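What follows is a set of notes on a single structure, which appears directly below.
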Ligand SMILES: O=P(O)(O)OC[C@H](O)CO
């Protein structure tokens with residue numbers, strides 16, 4: 004070999020070693036599919052960046068796959084094709100489906116296996132209990148936990164001479180009738196609008212009034228449960244909303260999930276019921292009027308309203324990866340629960356701080372004195388110990404069931420069905436889904 008060839012050979016060898024080194028040192032990618040768009044998505048990217056910058060072994064790649072139901076469907080389809088992500092964000096209605104899928108690495112087990120000795124009692128218990136199995140084991144990591152609240156336009160309230168609302172004591176639905184009438188009388192186009200109509204006007208309405216949504220403790224005590232939403236009180240509530248449509252005290256915006264948020268932003272409605280996570284977008288979008296938050300209304304006969312129930316989503320870890328990958332997944336879960344990350348998440352989005360440490364830190368920093376509206380949701384969620392009925396909902400095929408309830412409510416709003424007929428039909432159609440689920444998953 005000539006000297007020149009020897010030099011070339013050594014140079015090629017060095018390049019090969021360099022490239023191999025690069026490959027060997029490349030971080031392990033951890034894929035996370037989620038549904039956080041807009042302002043919430045920006046915070047997700049920020050939290051992921053902090054994790055990725057903090058170490059070199061793992062790289063979390065967070066991808067928004069669409070709306071909540073689209074993310075769950077994408078996850079299930081990917082699972083069938085053996086191309087599932089490590090982490091899937093599933094909204095709360097997907098809990099039973101994920102839990103019984105057989106494809107999940109339970110979070111309590113993952114954290115234990117990877118050496119994280121977590122004291123789960125330091126987490127917000129109403130949130131945690133939603134995602135526990137019958138033995139009290141945590142199956143998925145709570146991440147973006149929410150509850151519905153009532154946003155109202157302070158500027159329009161003042162103009163209409165309506166007293167501002169308490170942040171702890173809910174108004175009654177009778178008072179809501181009077182308030183929305185005053186808004187209309189003062190020249191506002193509409194009284195109230197609501198997002199997530201099943202979640203806010205049926206699921207949470209049931210919980211706060213301690214009415215069964217489904218038998219067997221809302222499904223927690225058996226797959227052989229049935230929907231109970233066609234009770235007199237629930238039907239009367241829907242009938243009242245329908246009657247308010249005549250003078251626009253209530254109107255339906257016709258959007259599948261987020262509802263007519265734009266009507267509130269455009270000041271065409273003085274009141275907007277939605278998740279506390281609406282805070283992120285409202286903060287960004289509203290510049291020309293003052294708004295505030297109050298707890299959801301309750302019936303005058305409900306002297307001690309129950310807690311509302313959670314919404315939002317949790318993070319499910321799929322099986323099927325190498326042991327080393329799960330080290331990264333566990334490290335990332337641990338990162339998400341860090342006090343500083345939880346404080347950032349809560350401040351920017353409105354979602355609950357899921358650890359008691361983060362909540363206590365916010366209180367100690369005087370954050371809620373400056374921004375009292377940020378605490379309305381957590382106070383409503385924790386105002387009373389949950390009963391078996393207000394703990395939450397654990398139903399199979401709940402995504403389809405929620406769609407059924409939405410469809411039937413739309414038939415009320417457009418005058419095609421009476422509230423009773425719609426709620427009877429919603430229960431009957433949902434029960435068919437529950438029986439299908441029971442047949443598929445009963446051991
Ligand atoms: O807007 P989110 O994320 O609080 O979710 C609201 C509902 O709970 C989704 O099921």
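Residue numbers (my numbering): 4 to 446. From the three backbone atoms N, C-alpha and C, an ideal C-beta is built for every residue, glycine too. In this text the structure is predicted, and so the values were computed from the model without any measurement.
Close-in-space but distant-in-sequence residues of the same chain around residue i (CB under 6 Å, 5 per side omitted)
i           : result
residue 308 : 211, 301
residue 182 : 165
residue 94  : 71, 316
residue 381 : 355
residue 103 : 444
residue 361 : 342, 345, 346
residue 400 : 436, 440
Cβ shell of residue i (< 7 Å), same chain only, five flanking positions each side left out
i           : result
residue 196 : 254, 256, 262, 263, 266, 267, 272, 275
residue 119 : 333, 337
residue 44  : 67
residue 242 : 422
residue 328 : 31, 33, 89
residue 288 : 268
residue 250 : 187
residue 193 : 251, 254, 266, 271, 272
residue 405 : 96, 201
residue 117 : 329, 330, 333
In DSSP terms, what residue i is bridged to
i           : result
residue 37  : 67
residue 96  : Partner(s): none; residue 96 has no beta bridge.
residue 152 : 277
residue 264 : Looking at the DSSP assignment, residue 264 forms no beta bridge with any residue, so it has no partner.
residue 32  : 62
residue 144 : 318
residue 91  : 36, 319
residue 253 : 195
Beta-carbon proximity list for residue i, same chain, < 8 Å, skipping 5 on both sides
i           : result
residue 277 : 151, 152, 154, 197, 198, 199, 203, 261, 262, 264
residue 175 : 300, 301, 302, 303
residue 40  : 67
residue 292 : 156, 157, 158, 159, 270
Local Cβ density within 10 Å of residue i, reported as buried at 16 or more and exposed below that
i           : result
residue 345 : buried
residue 282 : buried
residue 217 : buried
residue 64  : exposed
residue 310 : buried
residue 446 : exposed
residue 419 : exposed
residue 97  : buried
residue 57  : exposed
residue 411 : buried
residue 169 : exposed
residue 297 : buried
residue 206 : buried
residue 284 : buried
residue 378 : buried
residue 130 : buried
residue 141 : buried
residue 415 : buried
residue 374 : exposed
Cβ-Cβ distance between residue i and residue j below 9 Å
i           : j           : result
residue 143 : residue 134 : yes
residue 214 : residue 437 : no
residue 107 : residue 245 : no
residue 279 : residue 393 : no
residue 147 : residue 319 : no
residue 221 : residue 395 : yes
residue 136 : residue 441 : no
residue 126 : residue 340 : yes
residue 397 : residue 99  : yes
residue 402 : residue 53  : no
Minimum length 3: unbroken beta strand (DSSP E) runs contained in the region 266-321: Considered as a whole, the region 266-321 harbours 272-278, 294-297, 314-320 as its complete beta strand (DSSP E) runs of no fewer than 3 residues, in chain order.
Beta strand (DSSP E) segments (min. 3 residues) lying fully within the region 189-227: 193-197
Alpha helix (DSSP H) runs wholly inside the region 331-395, at least 4 long, in chain order: 342-352, 359-367, 370-373, 379-384
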